[in-house]
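Below you'll find the structure, written out as structure tokens, and then a few comments.
Protein chains: 2
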Amino acid sequence: MRPTVIDIAREAGVSLATVDRVLNARPGVRDKTIKAVNDAIARLGYVRDLTAANLARSRSYRMAAVLPDTESQFVQSLALALSDAGQVAATTRIELTLLRFPPEDPHALAALLAGLPDSGYAGVALMAPETPVLRDAVRGLRARGLPVVALVSDLPNTGRDHFIGIDNRAAGRTAGVLMGRFLGGGPGQVLVLGSSLLARDMVERRRGFDEVMLRDFPGLDVLQSLETHGSGRTLRQVVTEMLANVPDARGIYAMGDGQRALTQTLEELGLSSKLTVICHELTPHARTALERGEITAVITQNLGHLARSTLRVLRAKADNQPLDAGQEQIRIEIVLRENLPPRPDSSVDSTLETTEAAA
Amino acid sequence: MRPTVIDIAREAGVSLATVDRVLNARPGVRDKTIKAVNDAIARLGYVRDLTAANLARSRSYRMAAVLPDTESQFVQSLALALSDAGQVAATTRIELTLLRFPPEDPHALAALLAGLPDSGYAGVALMAPETPVLRDAVRGLRARGLPVVALVSDLPNTGRDHFIGIDNRAAGRTAGVLMGRFLGGGPGQVLVLGSSLLARDMVERRRGFDEVMLRDFPGLDVLQSLETHGSGRTLRQVVTEMLANVPDARGIYAMGDGQRALTQTLEELGLSSKLTVICHELTPHARTALERGEITAVITQNLGHLARSTLRVLRAKADNQPLDAGQEQIRIEIVLRENLPPRPDSSVDSTLETTEAAA
DNA sequence: CGCATATTGAGGTACGCACCTCAAAAATGC
DNA sequence: GCATTTTTGAGGTGCGTACCTCAATATGCG
Chain Z
1 MRPTVIDIAR EAGVSLATVD RVLNARPGVR DKTIKAVNDA IARLGYVRDL
51 TAANLARSRS YRMAAVLPDT ESQFVQSLAL ALSDAGQVAA TTRIELTLLR
101 FPPEDPHALA ALLAGLPDSG YAGVALMAPE TPVLRDAVRG LRARGLPVVA
151 LVSDLPNTGR DHFIGIDNRA AGRTAGVLMG RFLGGGPGQV LVLGSSLLAR
201 DMVERRRGFD EVMLRDFPGL DVLQSLETHG SGRTLRQVVT EMLANVPDAR
251 GIYAMGDGQR ALTQTLEELG LSSKLTVICH ELTPHARTAL ERGEITAVIT
301 QNLGHLARST LRVLRAKADN QPLDAGQEQI RIEIVLRENL PPRPDSSVDS
351 TLETTEAAA
Chain F
1001 MRPTVIDIAR EAGVSLATVD RVLNARPGVR DKTIKAVNDA IARLGYVRDL
1051 TAANLARSRS YRMAAVLPDT ESQFVQSLAL ALSDAGQVAA TTRIELTLLR
1101 FPPEDPHALA ALLAGLPDSG YAGVALMAPE TPVLRDAVRG LRARGLPVVA
1151 LVSDLPNTGR DHFIGIDNRA AGRTAGVLMG RFLGGGPGQV LVLGSSLLAR
1201 DMVERRRGFD EVMLRDFPGL DVLQSLETHG SGRTLRQVVT EMLANVPDAR
1251 GIYAMGDGQR ALTQTLEELG LSSKLTVICH ELTPHARTAL ERGEITAVIT
1301 QNLGHLARST LRVLRAKADN QPLDAGQEQI RIEIVLRENL PPRPDSSVDS
1351 TLETTEAAA
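These protein sequence lines are chains Z and F, in that order. First residue of the first sequence? That's 1 in our numbering, and the numbers climb one at a time after it. First residue of the second sequence? That's 1001 in our numbering, and the numbers climb one at a time after it.
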């Protein structure tokens, strides 16, 4: 049997109340006594039973995940992954609420954040572009003692408690090596597409991509980024135009969303499977395109892990506990047709299973 | 507040004892009453608090992980990851014991498994080659009601409850595309190394590799597999000899272990960084070699995830609970120099942090 | 030494649930 | 309608910990 607080008390020759004071860092214990208790803990190899502890604390964790209200497949998948993870986590006293904000309205977002009930929330996860208004809003939350973690896209200047997502510069570098090697080093030209050239993640991906291309594949000519503004129409326009002017285009690096518009455009131009196409995020569309050979490689992050990590991190922050850095590290995954994971991923049937189990 | 059993009882108009009987599938309740309770549960959205339930059951999970006693870096890393995961899981009433067996002695392994205390264990994770003796031993364990999961290398004919690891054929295919594309399709020759040509995982990797190479890269000539028997000396010998006879060798696919011996051999032959080298498992050595450019790509599985998954699966099996397939899916990861995850991975400091938190 | 203050002990309640017993009530068979 | 069986209720105990109160010591200081 594992030792309990009672064993500690006996071993240390003190009362249970004292052990409790030491364990929970309550005041009114002499250093000497504290040491005695800690020694006993070490001797017996006591490990606090977190399940019992949380029960006794009757601690529960109401958390909010705030996402832009776009119809982008990526955001939708992320929302799904989060709500799945939330369902599962419900058995561990975690309650997750998903909130959405109008994507182009930082003030609405700030208002939403400011309007979160003052108490009752244990933490907030946030995926949003860093604007001055948002910075203040996040600072406000943190001033109220609410942990805030940035999701997918970092908010380094807001004082957020943690960032959950990939290193976008490394992701860009990864895209770079793949592109360079897949094209055999050149010669040829490579198009780069981004939703917005101002967004931090786009900038970083481009930077990483360029680093590698310049250093390792000087024979390839990387063109200026094209902005799609998240619009399929714009994407089609700029890509069509560009490809008309660039005779020897051999690759496309799509840093932002719009895989559907891209593959469609290439299809129309009769270029499907003729170019090396690398994009980000394994959305259902990217999957299909990968299977069909219309996209060569996808750089992605596992949304299931991301969602679960979010809950774990928020909880750890709420409890003021340290993180397991290794576990919370989100990997930059490379997906080719050949290592495409089977479909049931952040799917619905896991939810079904869970519900069934609870019933 | 989340509803509790008491709320269910009130809502269903029955006593607490009856709710309990329904929840825990105890006999002696009329169907009509069962339905009433389940309806109440649905109406209130009740979710059983697993932490409290486990506490009340005073359920604890003694588990064993059985690994071959080799000094291979991969097995060592796996052992480390498992013991790390075990440390962390100790706070949730899980106790993991690591056992080792002499790698070439299936009978010793069988004896070890048969000798596990009849009760007291909640499950066993096992990494071992599938031999007839082992098959019987595993069947014996399962007959005793002990869940068994296969680790890293599957044991399909033993009736194991679950397999935790990657699809080796898909891994081989992945290696294939990478090799093919990195070499620009040929011409040239590719060496394949495996520790043993009989081991199931080697066979499957080779099969996947060949599938892709034959179909997509007919210009590349894939040579017969060379057997290293897990010995660095043998590896050096066969590789040196082969390279002397093959004028246009451009790539090496190392399916098994021995990365250290391989990079050393290539170094000696003055071929470092001149060949496209793809191998498996991101061991410390593979890391270094990747950083130095001596290895081009590593196909790997995240040992941290693997270890945590093992514990989760064993626990779910012990509780007869369904799995979250998405979460337990082990990804085939592709690691290049550019997306090499930062070092602190299945490291020691996470252990320190945890210990500190408990103190 | 005597007093104020700091430290410790004893004991209780609660968290949400599992599991047990015994008696009461309801349903069933004849 | 009675005996029998099945179903239900009431109540208790325990899991390991948190957190509280009040009294009993111990310690430090003048």
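Where a beta carbon is used, it is the ideal one built from N, C-alpha and C, also for glycine. Model, not experiment: these values are computed from the prediction.
When DSSP states are grouped into helix, strand and coil, residue 1001 of chain F belongs to the coil group. With distances taken between CA atoms, residue 1002 of chain F lies nearest to Z:95 out of Z:322, Z:95, Z:10. For residue 1145 of chain F and residue 1326 of chain F, the gap between their C-alpha atoms comes out near 26 Å.
In the DSSP assignment, residue 1127 of chain F falls outside any alpha helix (DSSP H) and carries neither an H nor an E.
Within 10 angstroms of the beta-carbon of residue 1254 of chain F lie 16 or more other beta-carbons, which makes it buried.
Cβ proximity to chain F below 9 Å picks out 321, 322, 323, 324, 325, 326, 327, 329, 331, 332, 333, 334, 335, 336, 337, 338, 339, 340, 341, 342, 344, 345, 346, 347 from the segment 321–348 of chain Z. The three-state secondary structure of residue 1087 of chain F, taken from DSSP, is helix. Minimum Cα-Cα distance from residue 1300 of chain F among the listed residues F:1331, F:1128, F:1076 corresponds to F:1331. Residues of chain F with a Cβ closer than 7 Å to the Cβ of residue 182 of chain Z are, in chain order, 1181.
Contact note: residue 304 of chain Z reaches chain F through 1324, 1326, 1327, 1329, using a C-beta cutoff of 9 Å and chain order. Around residue 51 of chain Z, the beta-carbon contacts reaching into chain F at under 7 Å are 1051, 1054, 1055, 1092, 1093. Beta-carbon to beta-carbon, residue 1262 of chain F and residue 1235 of chain F are separated by about 6 Å, close enough to satisfy the 8 Å threshold. Pairing residue 226 of chain Z with residue 193 of chain Z gives a Cβ-Cβ distance under 8 Å.
Not one beta carbon of chain F lies nearer than 8 Å to the beta carbon of residue 205 of chain Z.
Closest in C-alpha terms to residue 1099 of chain F, from the list F:1080, F:1250, F:1245, comes F:1080.
An exposed status is given to residue 107 of chain Z, since fewer than 16 other beta-carbon atoms sit within 10 Å of its beta-carbon.
Residue range 259–268 is occupied by the alpha helix (DSSP H) that includes residue 264 of chain Z, with no beta strand (DSSP E) assigned at that position. At a cut-off of 3 residues, the continuous stretches assigned as beta strand (DSSP E) that sit fully inside the segment 131–200 of chain Z are 148–151, 162–164, 188–194.
Not one beta carbon of chain Z lies nearer than 8 Å to the beta carbon of residue 1293 of chain F. If the five residues before and after residue 1280 of chain F are omitted, its C-beta is found closer than 6 Å to the C-beta atoms of 1299, all from its own chain and listed in chain order. In the DSSP assignment, residue 1068 of chain F is bridged to F:1101. With fewer than 16 neighbouring CB atoms inside 10 Å of its own CB, residue 240 of chain Z falls in the exposed class. When DSSP states are grouped into helix, strand and coil, residue 225 of chain Z belongs to the strand group. Straight-line measurement puts the Cα of residue 1162 of chain F at about 14 Å from the Cα of residue 1141 of chain F.
For residue 295 of chain Z, no beta strand (DSSP E) segment is defined, and its DSSP state is neither H nor E. Looking at the backbone, the Cα of residue 50 of chain Z and that of residue 1097 of chain F are separated by about 20 Å.
One Cα belongs to residue 1276 of chain F, the other to residue 1128 of chain F, and the distance between them is close to 31 Å.
Inside the segment 1288–1342 of chain F, DSSP marks whole alpha helix (DSSP H) runs of 4 or more residues at positions 1303–1318, 1325–1328, from first to last along the chain.
Cα atoms of residue 1342 of chain F and residue 329 of chain Z: separation of roughly 9 Å, rounded to the nearest angstrom. The three-state secondary structure of residue 208 of chain Z, taken from DSSP, is helix. For residue 1108 of chain F, the enclosing alpha helix (DSSP H) begins and ends at 1106–1114. Membership of residue 36 of chain Z in any beta strand (DSSP E) is not indicated; the residue belongs instead to the alpha helix (DSSP H) covering 31–44. Between the segment 1073–1088 of chain F and the segment 1018–1032 of chain F, the count of Cβ pairs shorter than 8 Å is below three; the stretches do not touch.
Here residue 1114 of chain F has 1137, 1140 as same chain residues with Cβ atoms under 7 Å from its own Cβ, once five neighbours each way along the sequence are excluded. In the three-state DSSP reduction, residue 1047 of chain F falls in the coil class, being neither helix nor strand. Straight-line measurement puts the Cα of residue 231 of chain Z at about 26 Å from the Cα of residue 221 of chain Z.
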